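Notes follow the structure.
Residue numbers (my numbering): 70 to 184.
Written as structure tokens, this is what we have:
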């Protein structure tokens with residue numbers, strides 16, 4: 070991969086990395102909280118979506134899954150335990166590929182929603 074992948078004109082999206090923390094609520098019960106870490110410029114490489122249906126006792130449930138692939142400059146301490154907040158939705162990171170010499174990341178992430 071060349072540095073051309075990181076020309077400013079290609080990094081036209083903003084994503085936020087969110088890290089999960091566990092804190093205690095007012096009753097002492099553990100609660101998951103996601104903390105955002107600054108905006109990062111990214112290039113949207115690809116996007117795909119699909120729909121699945123499941124039948125439960127309460128009726129049919131339809132869910133939509135969107136998978137995106139983004140390229141960003143190197144983000145220190147990024148892991149698949151984190152998630153991305155992009156375009157108003159939270160995306161679970163499912164794959165991280167380091168662009169050689171810590172120049173950047175190619176991130177594959179998934180958002181699941183219920184219709």
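The beta-carbon is built from N, C-alpha and C at its ideal position, and this holds for glycine as well. This one's a predicted model, so the numbers in the text were calculated from it and none came from an experiment.
Across which residues does DSSP place residue i in a beta bridge pair?
i, result
"residue 90", "102"
"residue 117", "136"
"residue 79", "DSSP lists no partner for residue 79."
"residue 85", "108 and 154"
"residue 180", "135"
Compare the C-alpha of residue i against each of the options and name the closest.
i, options, result
"residue 179", "113, 159, 170 and 81", "159"
"residue 163", "171, 80, 145 and 134", "134"
"residue 83", "146, 169, 151 and 139", "139"
If we define contact as Cβ-Cβ less than 9 Å, is residue i a contact residue for chain D?
i, result
"residue 113", "Of the protein chains in the structure, only one exists, and it is not chain D."
Quick check: residue i and residue j, are their CB atoms within less than 9 Å of each other?
i, j, result
"residue 86", "residue 147", "yes"
Taking three-plus beta-carbon pairs below 8 Å as touching, is the region 146-162 in contact with the region 90-102?
-> Counting Cβ pairs under 8 Å, fewer than three are found: no touch.
Touching by the beta-carbon criterion (3+ pairs, under 8 Å), the region 173-183 and the region 95-108 | No, because fewer than three Cβ pairs between the region 173-183 and the region 95-108 fall closer than 8 Å, the two stretches do not touch.
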